[in-house]
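In the working numbering, the protein residues as written are 7 to 96.
Ideal Cβ placement from N, Cα and C applies to all residues, glycine included.
Since this is a predicted model, take the numbers as computed values, not measurements.
Presented below is the structure to which this report refers.
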Amino acid sequence: MAMPKLSTCLWFERDAEEAVRRYVALVPDSRIDLVQRAPGPWPAGETGDVILVAFTLGGQNFQALNGGSKAEYGTAASISVACADQAEVD
């Protein structure tokens with residue numbers, strides 16, 4: 007499944023997947039689209055930890071990021087823009 011072009015990204019310390027599971031259970035027309043796991047150790051965790059969850063909530067695209075900081079639920083958000091390559095970013 008291709009990632010959407012624009013998506014709101016919610017920042018979590020480490021509980022992104024748990025939060026997303028709660029959200030999609032409560033809101034109709036919702037689903038988890040992708041769970042991306044760490045391929046190896048990283049600054050905020052270990053191999054296999056969830057890094058990013060892409061999900062649809064009420065028909066809208068979102069992402070939840072385990073950023074490993076002291077962010078709490080709802081304290082940080084950004085807009086993610088998917089680009090095909092560096093030229094598109096530039």
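Quiz item: Residue ranges of each beta strand (DSSP E) run of no fewer than 3 residues wholly in the region 33-63, ordered along the chain?
Solution: Runs of the beta strand (DSSP E) lying entirely within the region 33-63 and spanning at least 3 residues, in chain order: 37-43 and 56-63.
Practice problem: Give the range of the beta strand (DSSP E) segment to which residue 70 is assigned. | Solution: Residue 70 sits at position 64 when you count from the first residue of the sequence shown. Residues 66-72.
Self-check item: Residues of its chain near residue 39, where Cβ-Cβ distance is below 7 Å and the 5 sequence neighbours each way are ignored
Solution: Indexing the sequence shown from 1 puts residue 39 at position 33. Same-chain partners within the cutoff: 7, 60, 61 and 62.
Quiz prompt | Local conformation of residue 25 per DSSP, three classes | solution = As a working note, residue 25 is residue 19 in the sequence shown. Residue 25: helix per DSSP, three-state reduction.
Quiz item: Near residue 90, what residues of its chain come up, given a Cβ to Cβ distance below 7 Å and the 5 sequence neighbours on each side ignored?
Solution: Walking along the sequence shown from the start, residue 90 turns up at place 84. Counting only Cβ-Cβ distances below 7 Å, and skipping sequence neighbours, we find nothing.
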